[in-house]
Structures are given as C-alpha cells and as structure tokens.
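Those protein sequence lines, which keep their order, are chains A and B. Each residue of the first sequence is one higher than the one before, counting from 1 in this note's numbering. Each residue of the second sequence is one higher than the one before, counting from 311 in this note's numbering. Glycine included, every Cβ here is placed at the ideal spot set by N, Cα and C. Model, not experiment: these values are computed from the prediction.
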Amino acid sequence: MAANPLPEVVPMSEAADAGDGDEPGVESGATSGAGAVGDAPTELNLGSGGPSVSEEYPLQVDSLRKSFGGITAVDDASFQVERGSLTGLIGPNGAGKSTTFNLITGMLQPDSGTVTFDGEDITGEKAHAIANRGLVRTFQIARELQEMTVLENMMLAPKYQRGEALWRSVTPGFRGDVIEQESELLDRVWNVLEFFEIDHIAEEYAGNLSGGQRKLLEMARALLTDPDMLLLDEPFAGVNPSLERRLLDHIHELREQGYTFLLVEHDMDLIMENCERVIVLHQGRVLTEGTPAEIQANEEVIEAYLGGNV
Amino acid sequence: MSVRDDVSARLPGGDAGLIVAVLLVIYAAYVLIGVGLGYSLRGQLNTIAVLTFYIGVFAMLALALNLHWGYTGLFNIGIVGFMAVGIYVMALVSKPLYESGGAAQVGGLGLPLVVGIIAGMVAAALLGLVIALPALRLRADYLAIVTIAMSEIVRFSFLSGELQQFQLLGERVGFGGGSGLILDFTDPLEAFFGFFGLWDAYLGFVDSFEVLVPNNPKPVVDGLVYGVVLLFFVAAFYWLLKRTGESPFGRVLKAIREDEDVANSLGKNTNRFKIKAFMLGCALMGLAGILWLMTSGAVTPNFFRPRITFFVWIALIIGGAGSNTGSVLGGAVFAALLYQGPRYLKNLVDTVLPNADAPSGFGPAIAPLISNFDPAPLFFYTIDSIRQLQLVFMGLVLIWLMHNRPEGMLGYRKETAAGIPLTAARARGTAETDGGESASGGGSDE
C-alpha cells in the first residue's frame, strides 16, 4: 500500500492527444472531442461542479467475506482506492471480482467485513442509498434499459429529480417545476451525450445499440448520477479497439477532473498501461497490490494466472 | 409503431382523435345493426347506454392495470379484489344508518357519497400497501400468486358470517354476507346533480325525452347520462395516468419494468416507487369497482370472481400493455366485441327468429348435422349457450393475440417517459449551437 502512486503515467497524456486526431467524423460532437483536454471541466456539465470526496482514500474495503453455500467467493479481502486514481482490480476467473463489486455497491450483503466510502461506513446499505452517496457502478454485461430510448435512459439517471415525487408530477400548478427541471436535465443529458459522442443515436431504443454503444451509454448514464467514484465492471469486454481507445480517453479525461475509478478488467496489457495501481484478487483474497511494474514482476501473480499452486 | 404512425397521425387530435374515432365506429356498428333489425328507439338507446357503461368500466380498469403491468411490470391478477374492497367500503360508509323494519338488514355510517367513494379508494390503496410490503420484495410471479389469493380471500371474507353484521361507531353495519348487501344510499346521479343544485333541471331534461321515448324515459336517460359520466371518469383516469407516465416518476417505473437492478444502481429506491405505483393503481381499481356497482342496487360477493380480473387482462392485452391510449381502446373493443357483442348477437337472433327452439343438449344439437346435414339445431344451440361459449371465445382470442400480436392492436408505441418532448428540445439546442445550419435542422426533424 505505497502512499505514493505515480499520478501521471506516459500513456495517459498520449491518450489525450490521440483523442482529437482521429475523430470518426461527427459534426457537432467534434467540437467537444477536440477541446476535451484544455477546457474539460466546462465541457462536462453535471450541474454540481464535479466530484467531491474529502478522504484521501474514498473507498476502503476491510476484511470483506462472502460465501455462497460451501464456496467462499470473497475471503477476507482488504484494499483501498486512492482519490482521483484509476485503480485496476484483476484476477483469474472466479477470483471474486464481481462479487466484490456487488458487495461494495450493496447488491449483495457481506457475511462480515466493512466497506467505507468517503469516511462513512456503508456496509449493508441498500444499493440505491450507496449510489446516492456517489459510489456508482456499471455492469459486466451492459444492462441498458432496452425498451427505453437512449435519451430516456440518460434522463433517468440524475439524482433527486423533483418529478420523482408522484404528487408533484401530476398536480396542476406544481408540474411546472417538474417541467422546468426536465429542461435543465435535458440540456445536461445532451452535454454528456456529446461528450461521449453518442448524440447521433439519442433517439434510438437502447436495445438496438451495438455492444460498444451500450457500454458508452452505460458509462454516460452512470456519470449523470453525478458520482464521486465509478466502479466499472469490465467496461471493455466486447468493445472494438478504436471504441476501447475512446472509452479509455474518456476515463482519463474524467480522472483528470477528479473522478476516482475502480476498474475490473481481464486485458492485462490494458490494465498495465492505464492504471496507476493494480489490486490482484485470487480465490477471494487480495494476493498483492502495487504499481503495474511491481505486479508484472510478481511471481505469485504469474503463478495465479498460469494456474500454479499459490 | 408503424400502425400507430399511420392511423393516429392522420387523425385530427392524435390519440384522443383515435379513441373518439374507434368509439364512433363501435356505436355506428351497434346502431346500424339495431336499425337494420327494426329495434325501437328505446331499445337502441338502452343498448347504447349498456355498451357505454361497459366500455367505461373496462377502459378504466385497463388503464389502472396498465399502470401496474404496462408501466411498472407488476403482475397483478387480483384486480377484482380491489374492486370489491372499493365498493364494499364505500357502501359501509355511505349507506344510511340502520333502521329496524327497513328492507336492509344492516345500515352504514350515513355519510355523503363522496366521502364513501374516497373511503373506498383509500381502503383499496391500503389493501394494496398491505400486499405490496411483503410481496414486492419477491420475484414478479410471486406477486401474481399473492394478488389472486388476496382477491379470493377478500371474496370469502365478504361471504363470511362474521362480517355480515357488526357494530362500528355504535352503528349496526355490515357487509351482508352471501345474501348480498343492498346499496340503499342516494341514487348517485341524484346526488351528483343535487350537489350542483341541478336535480330539478335534470328531471326537466328527462321529461323532455318523452318526445322520443314515451312511457317513463327516466331509466333510459339515466343509463345514458351515467354512461357519459363514466366516460368523463375514463378521461380523468387517462389524464392522470398520462401525466404519471410522462414524468420522472413514470420514467423510474419504466426502468423498474426493464431492469430493477439498474434503477437501483442509479440511486432509485425502487421499492418505494413500486409501492406508490401499486397503491395508485389499486385506488383506481377500487374507484372503478365503485363506479361499476354503485348503481346496481345490490352487491353480492360472488360477483367478484377472478374471471373479471381476466377480462381486464384481455382488454389490456388487446390494446397493448404500456400504452394508455391502447388501454382505453382495448377496454372499448373488449366491451363491444367480446363482452357485450355475443349477448347482443343472441338478442338479435332471438328477435329475427323468435320461434326457433334450441335443442336441449349437445346430443340433439349435433345429431341432425350428422344424419341429414342440417346445421340449424347446432346453430341455435350455439346461440342459446353463447354466454358459456363467450368464455371459450375470449380464451381463443387471447391465445391468438399472444401468438400473433402480443404488442396489442396499436403495435409498439414510443410513449416517451418525460415531462417534455425530448426531441423538440434537441431541435432547439442544435439550432442554437449550429446557428440554424440547414443540415442539422433536417436531421432533428426525424
């Protein structure tokens, strides 16, 4: 747990440069892509001024344990994620990565152990409560809301919408407030759609999107909740290389704006090139953690991946 | 989607125009058949009144169910239970106080009808809450089991002797048990017009109908006017549910239907949304039950068998779950073709061939067809048993729909869940940023 992760790694600035060169030719989106590095904060307007966490390590997981019947999926896992970092969570199949995600985000309840977010114990809280604290996840298999359009998907996400109170949405005289906020949100939604360059499919049903577009939609939707930290579960699975590049560019841009990322990924090269820190899970335990260079040199990790006895 | 684009885009008034057009076609068909067969004017008006009544109640119930199933994905097959609670509680509150020697075995609290209606709706909503709290945590199918069980529990409770008569606030009240409950409160129409001080005016209006319908026009006019009142309630349901659907609240409901985990992971407390939507739908079902039965004079628990629940489901499936316009149309088409249609057909045949004797059983009906190819006895037997066959016919329609048109008569519809049209705002935004570039204007019109 070295307290000094390298904040800037070479590939990132490279990524940011690559971003404006080969835009796949979107008319209105081109402006947002090109200016992404310089004036990024004004580009992505989530209405809150970006992420705000006070703790140095916003996410702390301590002795987390979960078993299903006889199988212990997560066995005494402890780690922490530094603010504003892009941290990778890797491990062979069945290492407990997705279960760990589910335990952190309240989709599953741990048998023991604690999860702390921004200094507060969130163990056992409901999934929606954790999301409202600013800890938002995406899913391994993109779970877009199929029979809703991209715009509806996006409009769903912002927190604490006035019109989510039924009485306010239907009562004459109060609905004006709701409509007003809807217009504000719609502007914000278009802003984010343009940031992710998926504004041309805004009126498409989410179920008709390609796999990669779904991944983009899911990340865009998660961002609209105005999170402080994002947990991305294999965001690059099934995504073609050029789209993967774009997604990574977006992640790096957002990380520079102060968002914290925890990323589950199988692609070792991708993790090693992009993450500042890597946590290796194996059989439900944290095998080791460190910088990519340290991980690559670690005998135990190599053995775990090659199936040796650990 | 394509059907809807074709039909309702061409009609003036869009969806509302489509509903009015379908209603007019249904009425025209009924009137034409009646005229062709020489119905009296009184008969025609009565037919229309009854038809309007059933169109109204089924449209209301389908709309309420659409909130549960079409929007939120809640599989409620206990509709009739909420209707029963609505009318029974309304009767309890609004029936006059018990007087010994009266026709009614039990009395009520003697409060105004409006109070009773609200109490009935609240009771239905609370029953919904009681069911929702444990059942919504379970998977969808379990809600179905719980709701249908509930509707039978409600029916048996009203049948039970314990609830036949009891003391409430010092008054002798009750639900009447299996022999039924006399609804001896003020005639709802009288109460309605009396509230505005228009009862005498209404009676004058009724008298003016003597020109058209000699001999006591009141029942006919009452029926027609009550039908119109029901259609106003349908419009109110439609308005309320459209606003509910086209709002952030409706958007969350839609998201719950699609994938509840996603809605949760975006910070929506899905259980609360589900409970609210469920309670609202239950209250509306209670109101529909009240409106269905409050003019019927008496009510018995065995009216509330699950078949009515399935009628409403068929109506919703005909119209297409997820669409409010479709729900109203489904209710209307179901009432006109499947519910009233066969009965009307039987009446017609009886009028045309008054002397035809139907065979007494299936054997005598089928024997002439086999021996000397005479289909007439089977035909008359079929017509005579049409009330039973009606259910078979409904089942066949349901099976056909599920195979061939599960999305309903309107097809897939894009009813956007937002308080504002999402597309129009885009057109505005593009025009602002691109300075009215012609290409962007063209694109945003899509």
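Could you give the distance in angstroms between the alpha-carbon of residue 450 of chain B and the alpha-carbon of residue 175 of chain A?
-> 31 Å
Per-residue DSSP class, three states only, for residue 400 of chain B = Looking at residue 400 of chain B - three-state DSSP - the assignment turns out to be helix.
Under a CB-based cut-off of 8 Å, is residue 562 of chain B close to chain A?
-> yes
How would you label residue 90 of chain A, buried or exposed, when you count the other beta carbons within 10 angstroms and need 16 or more for buried?
-> By the neighbour-count rule (16 or more Cβ atoms within 10 Å), residue 90 of chain A is buried.
Go to residue 66 of chain A, then tell me how far its beta strand (DSSP E) extends in each direction, as first and last residue.
-> 59–68
Length of the line joining the Cα atoms of residue 103 of chain A and residue 77 of chain A | 11 Å
Tell me, please, which residues DSSP counts as bridged to residue 233 of chain A.
-> For residue 233 of chain A, DSSP records a beta bridge to A/264.
Near residue 295 of chain A, which residues of its chain fall below 6 Å by C-beta distance, leaving aside the five closest residues on each side in sequence?
-> 278 and 301
Assess, as a yes-or-no matter, whether the region 49–57 of chain A is touched by the region 246–260 of chain A under the definition of 3 or more beta carbon pairs within less than 8 Å.
-> yes
In chain A, which residues lie with their C-beta within 7 Å of the C-beta of residue 675 of chain B?
-> Ordered by position in chain A, no residue passes the 7 Å Cβ test against residue 675 of chain B, which lies about 48 Å from the chain.
In whole angstroms, what is the alpha-carbon distance linking residue 403 of chain B and residue 100 of chain A?
-> The straight-line gap from Cα to Cα measures roughly 55 Å.
Does any C-beta atom of chain B lie closer than 8 Å to the C-beta of residue 166 of chain A?
-> yes
Just the C-alpha distance for residue 689 of chain B and residue 534 of chain B, rounded to the nearest angstrom, thanks.
-> 33 Å
Helix, strand or coil: how does DSSP classify residue 113 of chain A here?
-> strand
Return the CA-CA distance between residue 339 of chain B and residue 237 of chain A, expressed in angstroms with no decimal places.
-> 58 Å
Could you check what DSSP says for residue 123 of chain A in three-state terms: helix, strand or coil?
-> Under the three-state reduction of DSSP output, residue 123 of chain A falls in the coil class, being neither helix nor strand.
Residues of chain A with CB under 9 Å from residue 733 of chain B, in chain order?
-> 151, 202 and 203
Taking residue 161 of chain A as the query, report the chain B residues whose CB atoms sit under 7 Å from its CB, ordered along the chain.
-> 558
Simplified DSSP state of residue 38 of chain A, which is helix, strand or coil | For residue 38 of chain A, the pLDDT reaches just 37, beneath the cut-off of 50, and the residue's location in the model is therefore unreliable, leaving the point undetermined.
Under 7 Å from any heavy atom of the ligand GDP, does the C-beta of residue 123 of chain A make it?
-> As presented, the structure is devoid of all ligands, the ligand GDP included, so that no description of it is given.
The region 353–370 of chain B contacting the region 560–572 of chain B, beta-carbon criterion three pairs below 8 Å | Result no; under three Cβ-Cβ pairs closer than 8 Å.
Would you kindly check if the distance between the Cβ of residue 631 of chain B and the Cβ of residue 376 of chain B is under 8 Å?
-> yes
For residue 427 of chain B, which residues from the same chain have a beta carbon less than 6 Å from its beta carbon, with the 5 sequence-adjacent residues on both sides left out?
-> 400 and 600
Note down, in chain order, each residue of its chain lying with its Cβ closer than 7 Å to the Cβ of residue 702 of chain B, except the 5 sequence neighbours on either side.
-> Cβ within range, chain order: n/a, list empty.
Whole-angstrom Cβ separation of residue 358 of chain B and residue 638 of chain B, contact assumed at under 8 Å?
-> Residue 358 of chain B to residue 638 of chain B, Cβ: 18 Å. No contact.
Going by the CB atoms, is the gap between residue 418 of chain B and residue 132 of chain A shorter than 8 Å?
-> no
Is the Cβ-Cβ distance between residue 384 of chain B and residue 634 of chain B less than 8 Å?
-> Contact flag unset, no.
Look up residue 205 of chain A in the DSSP assignment and say whether it is helix, strand or coil.
-> strand
Please confirm if the region 156–172 of chain A is in contact with the region 117–128 of chain A, defined as three or more CB-CB distances below 8 Å between the two stretches.
-> The region 156–172 of chain A vs the region 117–128 of chain A: no contact.
Whole beta strand (DSSP E) elements within the region 538–593 of chain B, 3-residue minimum | Qualifying beta strand (DSSP E) stretches: none in this window.
Does the Cβ-Cβ distance between residue 189 of chain A and residue 219 of chain A come in under 8 Å?
-> no
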